[in-house]
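Below you'll find the structure, written out as structure tokens, and then a few comments.
In UniProt numbering, the protein residues as written are 1 to 98.
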């Protein structure tokens with residue numbers, strides 16, 4: 001089994017240029033480069049999955065908060081309507097017609 005330093009060896013730019021002038025073939029792809037590319041794709045996929053998970057969690061929390069806020073405002077409106085109806089009824093008792 002080859003070590004990691006043997007799998008990925010950086011190529012000098014001058015050496016690459018000289019080899020391209022002589023032989024226009026592309027340099028070989030090492031196993032280390034493929035592994036790095038595979039790891040990169042794996043990380044990108046994981047990042048997309050995490051982002052989707054966060055988006056769903058945020059959406060769920062926002063809908064829960066909106067629902068709680070709506071229920072609270074409905075209760076406050078009902079209490080206010082009940083109180084104002086009681087005040088109107090009490091005020092009508094004491095209205096003196098001249």
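Positions of the beta carbon are idealized from the N, C-alpha and C atoms, including for glycine. Predicted model only: the values in this text are computed from it and were never measured.
Starting from residue i, follow the alpha helix (DSSP H) in both directions and report where the run begins and ends.
i          : result
residue 32 : 31-93
Could you tell me whether any Cβ in chain D is nearer than 9 angstroms to the Cβ of residue i?
i          : result
residue 29 : The question asks about chain D, but that chain is absent: this structure has only one protein chain.
Taking all protein chains shown into account, decide if residue i is buried (16 or more other Cβ within 10 angstroms of its Cβ) or exposed.
i          : result
residue 1  : With a pLDDT of 48 at residue 1, under the threshold of 50, the modelled position of that residue is not reliable, and the figure given next carries that caveat. With fewer than 16 Cβ atoms within 10 Å of its Cβ, residue 1 is classed as exposed.
residue 79 : exposed
Quick check: what's the CA-CA separation for residue i versus residue j?
i          : j          : result
residue 46 : residue 55 : 14 angstroms
residue 26 : residue 49 : 35 angstroms
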